[in-house]
Amino acid sequence: MKIISSVLRFASVAALVVACTPSESGTANANYPQQQQPPPPGYYPQQPPPPGYYPQQPPPQQPPPGPAPHLGGASAELLPPLVGIPAMEQEVRSILAELVDALPSATQARVRGIPLVFDPTIEVNAFAGCEEGGNPFLAGTAGLLEAVDAIAQTKATDEMFGTRTYDQYSDTVIPQMVRNPKAHPGLPAGLIPAQYGSDPRRWSRAREIFGDVMAFTFGHELAHHYLGHTGCANGQAMGPGPSPARLGHLATALLPGLNQPNEIASDGAGAVNALDAGRRRRPRYAWSERGGMLLLDYFSRLQRAIGINPFSPSAFLRSHPNPQLRMPLVQTVANTWRARNPG
Numbered sequence: 014m015k016i017i018s019s020v021l022r023f024a025s026v027a028a029l030v031v032a033c034t035p036s037e038s039g040t041a042n043a044n045y046p047q048q049q050q051p052p053p054p055g056y057y058p059q060q061p062p063p064p065g066y067y068p069q070q071p072p073p074q075q076p077p078p079g080p081a082p083h084l085g086g087a088s089a090e091l092l093p094p095l096v097g098i099p100a101m102e103q104e105v106r107s108i109l110a111e112l113v114d115a116l117p118s119a120t121q122a123r124v125r126g127i128p129l130v131f132d133p134t135i136e137v138n139a140f141a142g143c144e145e146g147g148n149p150f151l152a153g154t155a156g157l158l159e160a161v162d163a164i165a166q167t168k169a170t171d172e173m174f175g176t177r178t179y180d181q182y183s184d185t186v187i188p189q190m191v192r193n194p195k196a197h198p199g200l201p202a203g204l205i206p207a208q209y210g211s212d213p214r215r216w217s218r219a220r221e222i223f224g225d226v227m228a229f230t231f232g233h234e235l236a237h238h239y240l241g242h243t244g245c246a247n248g249q250a251m252g253p254g255p256s257p258a259r260l261g262h263l264a265t266a267l268l269p270g271l272n273q274p275n276e277i278a279s280d281g282a283g284a285v286n287a288l289d290a291g292r293r294r295r296p297r298y299a300w301s302e303r304g305g306m307l308l309l310d311y312f313s314r315l316q317r318a319i320g321i322n323p324f325s326p327s328a329f330l331r332s333h334p335n336p337q338l339r340m341p342l343v344q345t346v347a348n349t350w351r352a353r354n355p356g
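Numbering (my numbering), first residue to last: 14 to 356.
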């Protein structure tokens, strides 16, 4: 997704290359800012989990159709739901570890151990950057977790029951986000029909979709480091990462580094990384380009809601490659990957 300045609320995940295996060369010091905005205390809207489950710790068109998702073996057990921000943070850490493990060994050596820091702000953002001392880090916000959870829950409901809750969510929440900088991107209570809310199959599918979207998101951000865009990931000993209180300063300072070609390259590399990691994790649910398509559809809807208002807090999206261009490019990269990796 990429950076946001102190006047911007949202981040866009960049477009991507049409080559399946991107070069590891890149323009150094392209970075990815955000702004800081504390959320109202304790606000993380979630649908209640089905009885007997427990929290785990461990874009304006519909995405074009792709291959059917690999759902795992016939005897695959239903996944418990992700309930609450801490559970989602832990899930993303696990996803990031799988992404790193799927990289070539020389690339792994450059990025293994890069800290992932979570920021409690409500903007929808993930980014890669460097601390003042030169140590690399990755970051994501509570707003990102809320938004992806909402995408996952509504898409799972629509797939299983033929509803249109994703459209309802987008039409309700995205305009509020554009008008009100304090509006949360999470799922409003009551949007999922009551007769479907506690279905354990829906919760399991939502967790798969959450993983799909986050695999693309952090595959993209990780690529900014190993492609050399940040210039600070060289296999050195890693620190603990910046505190959430320092992320706003670091992100704002990095705004001049926005670079569309680097964004394109990172999308291509991130899509391939997610596909490689998805293949490795079979017979569990295999990540694919679908997560990227869903995220880009979300940003496309956000861009449509912004319209021509130059003062919108989300108008930064115009400085990034258009999501409607990125979506077919993501699909092309995935198709090329499948042609080279049949089966």
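Beta carbons: idealized from backbone N, C-alpha and C, even for Gly.
Being a predicted model, the structure only gives us computed values, none of them experimental.
Worksheet item: Span of the alpha helix (DSSP H) holding P93?
Response: That residue, P93, is in no alpha helix (DSSP H); it is neither H nor E in DSSP.
Practice prompt. Assign A299 to one of three DSSP states: helix, strand, or coil.
Written response: DSSP places A299 in strand when its eight states are reduced to three.
Discussion item. Closest to L204 by C-alpha separation, out of R218, T170, P213, would be which residue?
Written reply: T170
Discussion item. Please report the straight-line C-alpha distance between G210 and K168, rounded to a whole angstrom.
Written reply: Approximately 13 Å between the Cα atoms of the pair.
Fill in: Beta-carbon separation (whole angstroms), V309 vs P336, contact threshold 8 Å
Residue identity check: residue 309 is Leu in the sequence provided, not Val. About 4 Å separates the two Cβ atoms, so the contact holds.
Practice prompt. Pick out whichever of I108, Q344, Q103, F131 has its Cα sitting closest to the Cα of R293.
Written response: I108
Fill in: Three-way DSSP call (helix, strand, coil) for P274 in this model
helix
Practice prompt. Determine the DSSP secondary structure at A41, reduced to helix, strand or coil.
Written response: In this predicted model, A41 has a pLDDT of only 39, less than 50, meaning its place in the structure is not dependable; the value taken from the coordinates is given anyway. Reduced to three states, the DSSP call for A41 is coil.
Worksheet entry | Residue nearest to A115 in terms of C-alpha spacing, selected from L235, K195, L91, F223 | For A115, the closest alpha carbon among the candidates L235, K195, L91, F223 is that of L235.
Discussion item. Can you look up N171 in the DSSP assignment and give me helix, strand or coil?
Written reply: Per the sequence shown, the amino acid found at residue 171 is Asp instead of Asn. Correct three-state label for D171: helix.
Worksheet entry | Simplified DSSP assignment, three categories, for L109 | helix
Worksheet item: With DSSP run on the structure shown, which of helix, strand or coil describes I196?
Response: In the sequence on display, residue 196 carries Ala and not Ile. Correct three-state label for A196: coil.
Worksheet entry | Check whether A160 and P198 have beta carbons under 8 Å apart | yes
Fill in: CB contact flag (H242, N275, <8 Å)
yes
Item to complete: Specify whether the segment 127-138 and the segment 148-160 touch according to this definition: at least 3 beta carbon pairs, one from each stretch, less than 8 Å apart.
Response: yes
Worksheet entry | Bounding residues of the alpha helix (DSSP H) (the contiguous stretch that carries P253) | From DSSP, P253 is part of no alpha helix (DSSP H); its letter is neither H nor E.
Item to complete: Count the other CB atoms, across all protein chains shown, that sit within 10 Å of the CB of Q208; report buried if there are 16 or more and exposed otherwise.
Response: exposed
Worksheet item: Do you know offhand how far N354's Cα is from Q181's?
Response: 37 Å
Worksheet item: With which residues is A358 paired in a DSSP beta bridge?
Response: There is simply no residue 358 to check, as the chain begins at 14 and stops at 356 in what is shown.
Worksheet entry | Where T134 falls: helix, strand or coil (DSSP) | Coil at T134, not helix or strand.
Worksheet item: Who pairs with A246 in a beta bridge, going by DSSP?
Response: None; A246 has no bridge partner.
Item to complete: Could you check what DSSP says for T176 in three-state terms: helix, strand or coil?
Response: coil
Worksheet entry | Within 8 Å, strictly: CB atoms of F231 and V137 | With contacts defined by Cβ atoms closer than 8 Å, F231 and V137 do not form a contacting pair.
Item to complete: Could you please give the first and the last residue of the uninterrupted beta strand (DSSP E) stretch that includes G153?
Response: For G153, the uninterrupted beta strand (DSSP E) run begins and ends at 149-154, by DSSP.
Worksheet item: Where does A202 fall in DSSP's three states?
Response: coil
Worksheet item: Given that a residue counts as buried once 16 or more other Cβ atoms are within 10 Å of its Cβ, and exposed if not, what is S217?
Response: buried
Practice prompt. Using only alpha-carbon positions, find the residue among P206, E145, L91 that is nearest to G175.
Written response: P206
Worksheet item: Which whole-angstrom value is the C-beta distance of V343 and D280, which I expect to be below 8 Å?
Response: Correct: roughly 7 Å between the Cβ atoms.
Worksheet entry | Neighbourhood of P76 by C-beta distance below 8 Å, restricted to the same chain and skipping five residues each side | Model confidence at P76 stands at a pLDDT of 47, short of 50, so the residue's coordinates are unreliable; what they give is reported in the following sentence. Taken in chain order, the residues that qualify are R303, M306, L307, L309, D310, M340.
Worksheet item: Among W300, G224, L338, which one has its Cα closest to the Cα of Q273?
Response: L338
Practice prompt. Spatial neighbours of M173 within its chain, please: CB distance less than 7 Å, with the 5 preceding and 5 following residues excluded, ordered by chain position.
Written response: R214, R215, R218
Worksheet item: Name the DSSP beta bridge partners of G126, please?
Response: Bridge partners of G126: none, in fact.
Practice prompt. State buried or exposed for D132, treating a residue as buried only when at least 16 other CB atoms are found within 10 Å of its CB.
Written response: buried
Practice prompt. Return helix, strand or coil for A141, following the three-state DSSP convention.
Written response: strand
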